[in-house]
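For what it's worth, this note's numbering labels the leading residue of the sequence shown as 1341, then goes sequentially.
Notes follow the structure.
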Amino acid sequence: MKDISAGPLGKKKTWYQVFWRYRVLTLMCIPAILFFFFFSYMPMPGIWVAFVDYKYRKGVFGSPFVGLRNFEFLAQSGKLWTLTRNTILYNLAFIILGNLFAVFIAILLNEIQSRRFKKLSQTMMFLPYFISQVLVGILVFNLLNYDTGFVNEVLRALGKTPWQPYSSPGAWPVLMVIIYLWQQTGYNSVVYFASICGIDAEIIEAARVDGANAFQKIRYILLPMLKPTIVILLLFALGGIVKGNFGLFYNVIGQNPMLYDTTDIIETYVYRSTIADFNFSSASAVGLYQSIVGFVIVLCANGVIKKIEPDYSLF
């Protein structure tokens, strides 16, 4: 790989010379740099809220220091392991299955010859993404509730015993994954479809001339070309693996204690615990805990990928 910091005679360029040579690209990056600076780096001193008893009048740095006391309500609840397990396992299922289905749909869209049908299919798959989580919860309830739900009406019409999903905790891990995939897969497939569209058409045409069928084209051309995109998106997604989808879980499950064992995540528990007397310090402590765990997971995953495929690692 060519070293962009080296001059024509191998002499190292100064940072200013490198900047001036790539000034247009640097200027294009300025909006993203400013965004992350103001919304990711400037708020970092706010982490101190997690270690103080925050008082509005005294401010962040004037409030009394309490050490790790703000983490106690989560640890002493006895649910820390259950909440962390549920959050991570749900997100793993969302990430892995979501990316698999997104890649699958992107490849199918690429194989469709009719442009009109392709656009119609994309539009239909995109629609669930724009539906409010509140409306998703209402749709799920109208489908699954015991008394008047569509599923149970069909079962009764067929002479079958009605199903009681809202008192069956074991059914909800599968149901939540299905609901997530229904709503998000169409949107997630756009990135992969765009990557496929960016593949040189001459490579695919050459494969056809050589006699490659559709499955061979997918296996030996499309999937290897999509590999860098898949790895990068997986690493980015792992950074938020401890941050649950509060809107989805709260609106679909609500406050049904019978389902908490298999559906309660960190965000929903913190919301219920602090809804009566909201505590900035406790909420900040939970956010810091999630960020640290997510950071460790990203480092571990990036280290594994760096050992296997160094070119695809983030750093």
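The beta-carbon is built from N, C-alpha and C at its ideal position, and this holds for glycine as well.
Going by the CB atoms, is the gap between residue j and residue i shorter than 9 Å?
i	j	result
L1562	I1447	yes
P1564	A1433	no
G1438	Y1520	yes
N1426	T1603	yes
S1727	L1479	Past the boundaries of the shown model lies residue 1727; the chain is included only from 1341 to 1655, so the question cannot be answered.
F1470	N1528	no
A1625	L1420	no
Y1611	Y1590	yes
N1642	S1653	yes
G1489	L1498	no
Considering just the uninterrupted stretch of the alpha helix (DSSP H) at residue i, what are its terminal residues?
i	result
R1496	1490-1497
N1482	1473-1484
I1637	1620-1648
S1529	1512-1537
I1387	Run containing I1387: none; DSSP gives neither H nor E here.
Y1356	1355-1361
I1544	1541-1549
If you compare alpha carbons, which of the options is closest to residue i?
i	options	result
I1387	A1372, F1411, P1371, V1364	F1411
L1475	A1623, I1593, G1627, P1597	I1593
F1635	F1655, D1604, L1578	L1578
L1575	E1493, L1429, C1640	C1640
A1390	I1632, P1371, I1370, G1627	G1627
V1443	G1587, V1549, G1526, Y1590	G1526
I1543	V1530, I1558, S1529	I1558
E1451	A1415, D1487, S1472, I1536	I1536
L1588	M1465, V1400, S1472, V1638	S1472
M1465	E1607, Q1523, L1420	Q1523
I1606	L1484, Y1430, K1646, P1505	Y1430
Y1394	M1384, A1546, G1407	G1407
A1554	Q1453, P1505, M1368	Q1453
R1409	K1353, P1371, A1372, V1392	V1392
I1436	I1518, G1399, W1360, R1363	I1518
G1418	F1655, S1631, N1642, D1601	D1601
Q1504	I1632, N1485, S1380	N1485
Assign residue i to buried or exposed, taking buried as 16 or more other Cβ atoms, counted over all protein chains shown, within 10 Å of its Cβ.
i	result
Y1560	exposed
N1596	exposed
K1342	The predicted model places K1342 with a pLDDT of 48, which falls under 50 and marks its position as unreliable, so this point remains unresolved.
S1508	exposed
M1516	buried
F1377	exposed
L1620	Reading the sequence as shown, one finds Phe at residue 1620 and not Leu. The residue is buried, with at least 16 neighbouring Cβ atoms inside 10 Å.
L1599	buried
N1304	Outside the shown range of the chain (1341 to 1655) lies residue 1304, about which nothing can therefore be said.
L1423	buried
T1608	buried
N1492	buried
V1307	As shown, the chain starts at 1341 and ends at 1655. That puts residue 1307 outside it, with no answer to give.
L1365	exposed
S1622	buried
V1582	buried
L1566	buried
I1373	exposed
G1551	exposed
I1445	buried
- Message: At 4 residues or longer, what runs of the alpha helix (DSSP H) sit wholly inside the stretch 1551-1607?
- Response: 1554-1557, 1563-1578, 1586-1593, 1600-1603
- alpha helix (DSSP H) runs contained entirely in the stretch 1393-1469, provided each spans 4 or more residues: Entirely contained in the stretch 1393-1469, the alpha helix (DSSP H) runs reaching 4 residues are, in chain order, 1412-1415, 1420-1451, 1455-1466.
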